[in-house]
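Peer 1: Residue numbers are given in the numbering used here: position 129 of the sequence shown equals residue 282, and the series is strictly consecutive.
C-beta atoms are modelled at their ideal positions from N, C-alpha and C, and glycine is treated no differently.
Being a predicted model, the structure only gives us computed values, none of them experimental.
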Amino acid sequence: MKPPERVKGLDSLRFLCAIWVACSHGGYPPLTHYLDHSETLNWFVNGVYSSIFCGPAAVIIFFIISGFCIHYPYKDNWKKSQAIPFLCARITRILGPILFATIIMHLLKVEISIFYTFIGWSIVCEIFYYSIYPLVRSFLINFKHWKIFFILSYTPTLTSFFIFPIDLVNYPGVGLIYVLFLGLPCWLLGVILCYDIDFKKNKRFINRRKLNFYRIFTFFAAFLSHILALQEIIGHPFTLNFFAIIAYFWIKSEILYYKNKKINFDLFEKIGKASYSIYLIHTIPFILIKYSGIIIKNKFLEFFVYWLLLSTLTFLFFITVEKPFHKLSRNIKNRMENLGTQHTA
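(1) What residue range is occupied by the uninterrupted alpha helix (DSSP H) comprising H190?
(2) Please work out which residues of its chain come closer than 7 Å, Cβ to Cβ, to V332, disregarding the five sequence neighbours upstream and downstream, and give them in chain order.
(3) Label I223 either buried or exposed according to how many other C-beta atoms from any shown protein chain fall within 10 Å of its C-beta, with 16 as the threshold for buried.
(4) Under the three-state reduction of DSSP, which class applies to N451: helix, strand or coil?
(5) State the CB to CB distance for the pair A171 and I434, rounded to an integer number of angstroms; the pair is presumed to be in contact (CB under 8 Å).
(6) For E407, is the classification buried or exposed, using 16 other Cβ atoms within 10 angstroms of its Cβ as the cut-off for buried?
(7) Could you give the first and the last residue of the continuous alpha helix (DSSP H) run that contains T312?
(8) Can at least three beta-carbon pairs, one atom from the segment 362–378 and one from the segment 238–245, be found at a separation below 8 Å?
(9) With DSSP collapsed to three states, give me the class of F439.
(10) So, under 8 Å CB-CB, V327 and F314 are touching, yes? Tell me the CB distance rounded to an integer number of Å.
(11) When the Cα atoms are used, what is the spatial distance from D189 to N413?
(12) Between the beta-carbon of A375 and the beta-carbon of C207, is there less than 7 Å?
(13) If I'm right that L463 touches I213 with Cβ under 8 Å, what's the distance once you round it to whole angstroms?
(14) Measuring straight from C-alpha to C-alpha, what distance separates G425 and N295?
(15) Quick one, which of I447, L341, W403 and Y286 has its alpha-carbon nearest I304's?
(16) Using a Cβ-Cβ cut-off of 6 Å (strictly less than) and excluding sequence neighbours within five positions of A104, which residues of its own chain qualify?
(17) Rounded to whole angstroms, what's the CA-CA distance from K405 to G343? Just pull it up for me.
(18) Pairs of beta-carbons, one from the segment 466–478 and one from the segment 430–450, closer than 8 Å: are there three or more?
(19) Go ahead and label Q235 buried or exposed: buried means 16 or more other beta carbons lie within 10 angstroms of its beta carbon, across all protein chains shown.
(20) Between the alpha carbons of F292 and K262, how many angstroms are there, rounded?
(21) Determine whether the beta carbon atoms of S132 and F402 lie at a separation below 7 Å.
(22) What residues in its chain sit with their C-beta under 6 Å from that of I251, if we drop five residues either side in the sequence?
(23) Quick test of your reading: Y558 and P438, contact by CB under 8 Å. State the CB separation rounded to the nearest angstrom.
(24) Nearest CA to the CA of W231: which residue from T308, V289, D351 and K443?
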């Protein structure tokens, strides 16, 4: 199967989301750290600033991009013989790096429950979506079918209002099984997006002003959802699936805008290929700083050391782990598909 034309901008979005997740777990610039938080205004400023970095919203964007990237090559062409090569390739691609990351976390004596809460739950969701895709794709053969499935997939989102307390903060707080279905409509939005990026039909989306509007709107929607969750007013399980719809239109506008334009931030596109590595190991620098026994009193210096370590570790992890597994997954897929072609010839 001939690979589809590469969609520009997605690696940059992955990179930004990975950085956002890292910031949400303590890697953000300590601009308000030295304010006197006992004063009401400073307390308010610090609360607003720290709420900017909504990691769970970035994960939802990851889900949408993932759904798009999985379905885009198979949108118009799917054969049952592709199911096994697809599954083997995807499982190799995602499980290989997370296995190494888990081993590293184990060696650093990080509790697996903490690893799951920060990172693992979204990976489990991804594996589930990859696993059901071949079966679902066999029955859903056009946009209309996917649209019906997408609408039905919002059932767990609506029923969650009656099952869980409204102030439940964390998205994976609904439980291992429920979160698989809670996140499904976000992933399916990526599938739907594959049918909604025709350049000629979407000329109204293609201008800088609207692109900036969707960027700002998405940012503030994520910010608001985070404030509501952190203040235990309305938790992430009840807001982020609706935020996903806003993010859908933002990602759509990014794809359409850069479809026939040169991307100005080419560096982001290159670094974005290592976004999975950033996502998997972004908590390790803080652990290494703690284990070193060196007490860094200056928060700005700690911030600098964190990002220096993360940049170095990301490069090493990408070169030695993620990139080889990515190459291995492609080879597995190609060989299995070629083998299947020879048998049917």
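Peer 2: Considering the structure as presented:
(1) First-last for H190: undefined, no H or E at that position.
(2) W274, C278, Y324 and P325
(3) buried
(4) coil
(5) No, A171 and I434 are not in contact; Cβ-Cβ is about 10 Å, not under 8 Å.
(6) Label assigned to E407: buried.
(7) T308 to I316
(8) no
(9) Helix at F439.
(10) Not really, about 11 Å apart at Cβ, beyond 8 Å.
(11) 50 Å
(12) yes
(13) Their Cβ separation, rounded to whole angstroms, is 22 Å, which puts L463 and I213 out of contact at 8 Å.
(14) Those two C-alpha atoms are separated by around 31 Å.
(15) L341
(16) Outside the displayed range of the chain (154 to 498) lies residue 104, so it cannot be described from this structure.
(17) 9 Å
(18) yes
(19) buried
(20) 44 Å
(21) Residue 132 lies beyond the stretch modelled for the chain, which goes from 154 to 498, so this question has no answer here.
(22) I276
(23) Residue 558 lies beyond the range of the chain shown here (154 to 498); nothing can be said about it.
(24) Nearest C-alpha to W231: V289.
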